[in-house]
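The listed protein sequences correspond, in order, to chains A and B.
Per full-length UniProt numbering, the very first residue in the first sequence carries number 1; after that it's consecutive.
Per full-length UniProt numbering, the very first residue in the second sequence carries number 1; after that it's consecutive.
We put the beta carbon where it would ideally sit given N, CA and C, even for glycine.
Number of protein chains: 2
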Amino acid sequence: MSLEHAILVSLLEQPASGYELARRFDRSIGRFWTATHQQIYRVLKRMAADDWIAGEEVGQEGLPDKKVWSATPAGRAALVTWLRAPVQPEAVRHELAVKIRGAAFDDPAGRAALATEVERYRADHEATLAGYLAGERRDFPDPDALDARESLQHVVLRGGIAYERMVLAWLDDVLATLRDLDPPTRKATP
Amino acid sequence: MSLEHAILVSLLEQPASGYELARRFDRSIGRFWTATHQQIYRVLKRMAADDWIAGEEVGQEGLPDKKVWSATPAGRAALVTWLRAPVQPEAVRHELAVKIRGAAFDDPAGRAALATEVERYRADHEATLAGYLAGERRDFPDPDALDARESLQHVVLRGGIAYERMVLAWLDDVLATLRDLDPPTRKATP
DNA sequence: TTGCCCATGTAATGCGTTACATGATTCG
DNA sequence: CGAATCATGTAACGCATTACATGGGCAA
């Protein structure tokens, strides 16, 4: 898997400039594949050299010109070849899990600080979930009347929603576990 | 976040050679942080130079000598500093989601091939879940009688279990969605 | 005797991250 | 007047991946 294929999917869904692609990678596509604008410009150049994409200069009023890229037939063929190759297992990187196991080697004050961080992290994921649900209501108001492309976009979005819900439930579990380790001491309990 | 911290946690839980660390990163720690032996040896060298870990040569009968590494007080201090720093948002990379959205640009035969791949991928995750559940029964037979370290290990494992269950449910959703796109044609239905 | 496990590395390449750079327009 | 948005890049660095290398012991 490489960034190229994610870009091809995005350009097939809708042609875009490098800048617009970067914004998509901050929003919708960024749900399952991240990239910065620096990476995107580098890869676009390579893809154009390989004739996977073609660009067209577009002048704009009151804004800088931009170059709008589209996937070529060769690019689409390259995407299909990749689509039919086996799915690689995911490389997992979950920093919070490392910190939680590491908390065994910190003191109660450190674990309390971690719990605070987990709460902040939880709020982020709650906001992400709210954003997904709002996007779902906006983009898929009638889930029974979707074409193929929309159905596939919707099932991927449902995956994001399921992921965020799972994360929130697990973070509650984590917070309860941290609380049980260092129960709040009560002063002057009669 | 860096590999250093994951290694520190692992060495604090139990000192190990580079080889043994690499195996842990294939098994238990690999659930939430992956690394190859090449990375590990490189990082161990750097950590030893920084005095975060100390190594002791251990001779073995019938096996090559090995160097068993332990975290030093300085290493533990470095870990605690990192534990108390803010958690970075995760960088998401989910190849399968890209392929599913890309399937809109392939034909029914390609989508059928993708469905087959999804089934294989699903079987992998089912095996992973079974492994987690077996590990849970083995390592945490009595979840009410755990010390701090074990409680934290257990809650991380529960996160892995919740993740795998979520993935399996979502993959069923994906398979149903793919089936609905290209319903199997029936010949000679009376 | 072929291949796997233990044990530790080097080297090349490429991808991702961070910092830096430019320049116009629009909004408060 | 300063900040944000649009738009496109270059450069340096470091981490991750892949391939290659070595060498003894052990089991089918």
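Any idea which residues DSSP pairs residue i with across the strands?
i: A:Leu63; result: A:Gln60
i: A:Val118; result: None, per the DSSP bridge assignment.
i: A:Ser70; result: A:Ala54
i: A:Trp33; result: B:Arg93
Does chain A have any CB closer than 8 Å to the CB of residue i?
i: B:Gln39; result: no
i: B:Asp50; result: no
i: B:Pro86; result: yes
i: B:Val155; result: yes
i: B:Asp142; result: no
i: B:Ile53; result: no
i: B:Asp139; result: no
i: B:Glu117; result: yes
i: B:Met166; result: yes
i: B:Leu79; result: yes
i: B:Tyr132; result: no
i: B:Arg101; result: yes
i: B:Leu114; result: yes
i: B:Leu21; result: no
i: B:Leu181; result: yes
i: B:Arg31; result: yes
i: B:Arg149; result: yes
i: B:Leu152; result: yes
i: B:Ala123; result: no
Would you say residue i lies against chain B (beta-carbon separation less than 8 Å)?
i: A:Trp69; result: no
i: A:Glu126; result: no
i: A:Phe25; result: no
i: A:Pro89; result: yes
i: A:Leu63; result: no
i: A:Val174; result: yes
i: A:Ala97; result: yes
i: A:Ala169; result: yes
i: A:Thr72; result: no
i: A:Val92; result: yes
i: A:Gly110; result: yes
i: A:Val43; result: no
i: A:Gly159; result: yes
i: A:Thr185; result: no
i: A:Lys34; result: The residue you asked about is not Lys; residue 34 of chain A is Thr in the sequence shown. For A:Thr34, the answer is yes, since a Cβ of chain B falls inside 8 Å of its Cβ.
i: A:Leu12; result: yes
i: A:Arg76; result: yes
Can you give me the Cβ contacts of residue i inside the same chain, cut-off strictly under 7 Å, excluding the 5 residues immediately before and after it?
i: A:Leu181; result: Arg111
i: A:Ser70; result: Leu11, Pro15, Ile53 and Ala54
i: A:Leu3; result: Ala35, Gln39 and Val43
i: A:Pro108; result: Asp182
i: A:Thr72; result: Asp51, Trp52, Ile53 and Ala54
Can you name, in chain order, every residue of its own chain whose Cβ lies under 8 Å from the Cβ of residue i, other than the five neighbours on each side?
i: A:Pro143; result: His154
i: A:His125; result: Glu164, Val167, Leu168 and Leu171
i: B:Gly131; result: none
i: B:Leu114; result: Lys99, Ile100, Ala103, Asp106 and Leu178
i: B:Ile161; result: Leu129, Tyr132, Leu133 and Glu136
i: B:Val80; result: none
How would you write the range of the alpha helix (DSSP H) that residue i sits in, first residue to last?
i: B:Thr177; result: Ala148 to Leu181
i: B:Val9; result: Leu3 to Glu13
i: B:Arg23; result: Gly18 to Asp26
So residue i packs on residue j, CB below 8 Å; how close in whole Å?
i: A:Ile40; j: A:Gly75; result: Not quite, the Cβ-Cβ distance comes to about 15 Å (not below 8 Å), so this is no contact.
i: B:Leu152; j: B:Gly135; result: Contact flag wrong, Cβ pair sits at about 15 Å.
i: A:Ala35; j: B:Leu83; result: So it is not a contact: roughly 29 Å between Cβ atoms.
i: A:His5; j: B:Val98; result: 6 Å
i: B:Glu95; j: A:Glu90; result: 7 Å
i: A:Arg137; j: B:Val92; result: Contact flag wrong, Cβ pair sits at about 22 Å.
i: A:Tyr121; j: B:Val68; result: That belief does not hold up - the Cβ atoms of A:Tyr121 and B:Val68 are roughly 35 Å apart, past 8 Å.
i: B:His37; j: B:Ala22; result: 4 Å
i: B:Val58; j: B:Lys45; result: That pair is no contact at about 18 Å.
Given residue i, which residues of its chain have a CB within under 6 Å of its CB, disregarding the five upstream and five downstream residues?
i: B:Ala78; result: Trp52
i: B:Glu56; result: Val68
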